[in-house]
Structures are given as structure tokens and as C-alpha cells.
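Notes for the one structure printed next.
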Amino acid sequence: MSADVAATTTGEHTSGEESPFTLKQLERLDEALTMASRETGINFSVYVGRLAGDSRATAEALHPKMGAKAANGVLLAVDPGGRVLEIVTGQESVKRLPDRSCALAALSMTAAFGSGDLVGGIVNGLRMLSDQAGHPRQTR
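Straight run, no breaks: the sequence shown in the numbering used here ends on number 342.
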């Protein structure tokens with residue numbers, strides 16, 4: 203992972219730059235991504251980096267890069283320098299994670315970010331979204 207981080211469930215490094223995260227932090231993010239995806243059947247992804255210009259439009263442009271998983275995917279796009287968080291849901295995942303659920307997770311995440319805990323905020327946000335989405339057979 204790097205200054206422009208696209209965390210996947212494999213935690214692979216997506217850029218030539220050095221990661222701003224420690225190995226332990228990467229493992230924690232990877233575990234949270236894996237658990238959230240496994241528990242819900244939703245494909246979660248995290249991007250940490252600059253969201254240039256219109257942050258929402260930039261995050262929405264990143265979401266399709268999930269490929270075939272985008273429709274049932276959720277992208278958490280975090281720009282620590284710009285103090286911006288965007289949560290983008292796919293056309294299927296939005297049925298289980300409406301705006302209200304995403305807003306509650308975002309509120310919790312930004313509180314953690316404000317206290318300097320970027321990784322903890324992301325991990326807690328993933329947990330909240332996972333809890334809200336529930337198991338695929340327990341959808342609301």
C-alpha cells in the first residue's frame with residue numbers, strides 16, 4: 203500500500219511508493235476487509251490517497267476499478283490530507299447499505315480520524331458497515 207493506497211483483501215501494494223502503513227497496520231486492514239467481505243458477501247475495498255478535484259466524482263470513478271465485483275462492492279475512499287471520506291456503493295450493495303447506514307459508519311470513521319487513528323477508523327467503519335449489511339441470507 204502507498205500514499206495512494208488501494209487495499210484489497212490481499213493487501214497488495216498498488217504503487218511504487220513506500221507504504222505509509224506498518225506491516226501490522228496492513229495486516230489489520232487486510233483482516234478487516236476479509237472479514238467484512240466474508241460475513242456479508244459484499245466486496246469491500248479501501249482506497250487511501252488523494253481525491254483530486256471533486257472528491258465524490260473521483261471516488262465514483264475509482265469504484266468501477268473493482269471490475270466485476272463493483273456491482274456488489276463498497277469502496278471506502280479516504281483522503282487524509284484533504285480530510286475527506288467518501289463511501290461508494292454498487293448497484294447491488296446499496297440495497298443492503300443505504301445512505302443512512304453509510305452515513306453512520308462515516309460519522310464513526312471521521313471521529314477516529316480526527317483523533318489521529320486512520321487505521322482504527324477504517325477498521326471500525328468496515329465493522330459497522332458489515333454489521334449493517336448483515337449476512338447475505340439475513341438481509342433486511
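Where is the CB? At the ideal position from N, CA and C, for every residue including glycine.
message: Looking only at its chain, what residues have a beta carbon closer than 8 Å to the beta carbon of N274, apart from the 5 residues adjacent to it on each side?
response: Around N274: G243, I244, N245, G292, E294, S295.
task: Throw me the rounded Cβ distance for the V290 and A279 pair, which I believe falls under 8 Å.
output: Rounded, the Cβ-Cβ distance is 7 Å, consistent with contact.
Residues sharing a beta bridge with S287, DSSP: One point to set straight first is that residue 287 is Leu, not Ser, in the sequence displayed. In DSSP, L287 forms a bridge with V280.
message: For S257, which residues in the same chain have their Cβ closer than 8 Å to its Cβ, ignoring the five residues on either side in sequence?
response: Residues A279, D281, G284, V286, E288 of the same chain have their beta carbon placed closer than 8 Å to that of S257, with the five preceding and five following residues left out of the count.
- request: Can you check DSSP and say which residues form a bridge with F246?
  value: In DSSP, F246 forms a bridge with V276.
- prompt: Should L331 and V276 be called a contact, given that it needs their Cβ atoms to be closer than 8 Å?
  reply: Result yes, Cβ atoms of L331 and V276 sit closer than 8 Å.
Rounded distance between the beta-carbons of A272 and P266, thought under 8 Å: The pair is a contact, with the Cβ atoms about 5 Å apart (cut-off 8 Å).
task: Pull up the distance between the alpha-carbon of H337 and that of Q227, whole angstroms please.
output: So the two alpha carbons sit approximately 26 Å from each other.
- request: Starting from the Cα of A305, find the closest Cα among Q334, V325, G316 and give me that residue.
  value: Looking at the Cα atoms, Q334 is the closest of the given residues.
message: Can you tell me where the alpha helix (DSSP H) holding F315 begins and where it ends?
response: That run of the alpha helix (DSSP H) goes 301-316.
- prompt: Taking C-alpha atoms, which residue in A254, Y249, R240 lies nearest to R329?
  reply: Considering only alpha carbons, the answer is R240.
task: Counting only the same chain and skipping the five closest in sequence on each side, list residues whose C-beta sits under 7 Å from that of A314.
output: The beta carbon of A314 lies closer than 7 Å to those of G322, G323, N326 in the same chain, with the five residues before and after it left out.
field: C-alpha gap between E262 and Y249, whole angstroms
entry: C-alpha separation (whole angstroms): 12 Å.
message: Distance check for S247 and M311, CA to CA, integer angstroms please.
response: Taking the straight line from one Cα to the other gives about 15 Å.
message: Quick check on the burial criterion: 16 or more other C-beta atoms within 10 angstroms. Buried or exposed for L235?
response: Looking at its Cβ environment, which holds 16 or more other Cβ atoms inside 10 Å, L235 is buried.
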